[in-house]
Amino acid sequence: YLEYTAEDDTWGGSENYAPAVKIERVRVEPKNTVVSNGNGESLVTNTLLFHDAVHSTPVVFKEKSKVIFNGKEMTVSKVSDFYDRSNLHHVEVLIS
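So for the sequence shown, my numbering puts the first residue at 427; every next one is plus one.
Structural data, given as structure tokens:
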């Protein structure tokens with residue numbers, strides 16, 4: 427996991443990431459969807475990462491960060507927290 431830190435203020439604005447962190451004890455569900463439009467069909471891959479609040483390596487997910495899974499680099503597009511009463515139960519991270 428490479429946490430997105432910010433964009434450079436320099437001309438061209440390169441993106442900056444924190445050093446990579448290995449995350450363990452998560453569940454990853456790849457999902458391929460065929461989308462039809464005026465130009466034909468395309469394959470869209472949206473992957474859902476489940477991060478358990480108790481058993482997974484502690485990390486705070488941020489949009490625009492990067493996840494590398496099975497050698498493929500993907501970008502975090504949505505982070506959703508799920509609670510069990512008042513305690514965080516798990517986090518679902520949409521990566522594509």
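For glycine and all other residues, C-beta sits at the position ideal for the given N, C-alpha and C.
Secondary structure of Tyr509 (DSSP, three-state): strand. By the criterion of a C-beta distance shorter than 8 Å, Tyr443 is surrounded in its chain by Leu428, Glu429, Tyr430, Thr431, Ser491 and Lys492, once the five residues flanking it on both sides are discounted. Under the three-state reduction of DSSP output, Ile449 falls in the coil class, being neither helix nor strand.
With fewer than three CB-CB distances shorter than 8 Å, the stretch 500-511 does not count as touching the stretch 444-453.
Apart from sequence neighbours up to five positions away, the residues of its chain that approach Pro456 with a beta-carbon distance below 6 Å are Thr473, ordered along the chain.
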